[in-house]
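Note that our numbering has the sequence shown beginning at 302, numbered continuously upward.
A virtual CB, placed ideally from N, CA and C, is assigned to each residue, including glycine.
Input: a single structure, listed below in structure tokens.
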Amino acid sequence: MAAGKSVTNLAQVAAQAIAEKLGVDIVALDMTEQMVLSEVFVIATGSNEVQVGAIADGVFKALAEIGEKPIRREGKGQWILLDYSDLVVHIQSQELRNYYMLDRLWNDCPRIPLSVSEAR
Numbered sequence: 302m303a304a305g306k307s308v309t310n311l312a313q314v315a316a317q318a319i320a321e322k323l324g325v326d327i328v329a330l331d332m333t334e335q336m337v338l339s340e341v342f343v344i345a346t347g348s349n350e351v352q353v354g355a356i357a358d359g360v361f362k363a364l365a366e367i368g369e370k371p372i373r374r375e376g377k378g379q380w381i382l383l384d385y386s387d388l389v390v391h392i393q394s395q396e397l398r399n400y401y402m403l404d405r406l407w408n409d410c411p412r413i414p415l416s417v418s419e420a421r
């Protein structure tokens, strides 16, 4: 079963917010065949701890503007996770992204195409 349209749209909003804060390597994974609680993971990279925080704040604000609030926000510094139940957003430093390799861990999950505009 593929991720639903509404959660895919939320992933798109999150991805655009990430791009606007100059996050890179943005990937959305369809987790419906692997996870019970979440449909989509969005994974992105920030260049340093300050940027990781700014990206997470940008995602929080963008999704709040359309009425979405996270169930929880975990982490700080090099890895921040925003849990919206069906959507989970991971913002990592390059060092932790390379170490944990979530993209590789979930490599068998289909990627969801994202369309993001350049940062304004």
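Problem - Reduced DSSP category for ASP387 - H, G, I as helix; E, B as strand; rest coil - result: In the structure shown, the three-state DSSP call for ASP387 is coil.
Practice task
To the nearest angstrom, report how far apart VAL341 and VAL360 are at their CA atoms.
Solution key: 15 Å
Problem - Residue range of the unbroken alpha helix (DSSP H) whose run includes GLY324 - result: No alpha helix (DSSP H) holds GLY324; DSSP gives it neither H nor E.
Problem - ARG374 beta carbon less than 9 Å from that of LEU383 - result: yes
Handout entry: Separation of PRO414 from VAL314, as counted between CA atoms
Key = 13 Å
Problem - Whole-angstrom C-beta distance between VAL343 and ILE367, which should lie under 8 Å - result: Actually they do not touch by this definition, with Cβ atoms about 15 Å apart.
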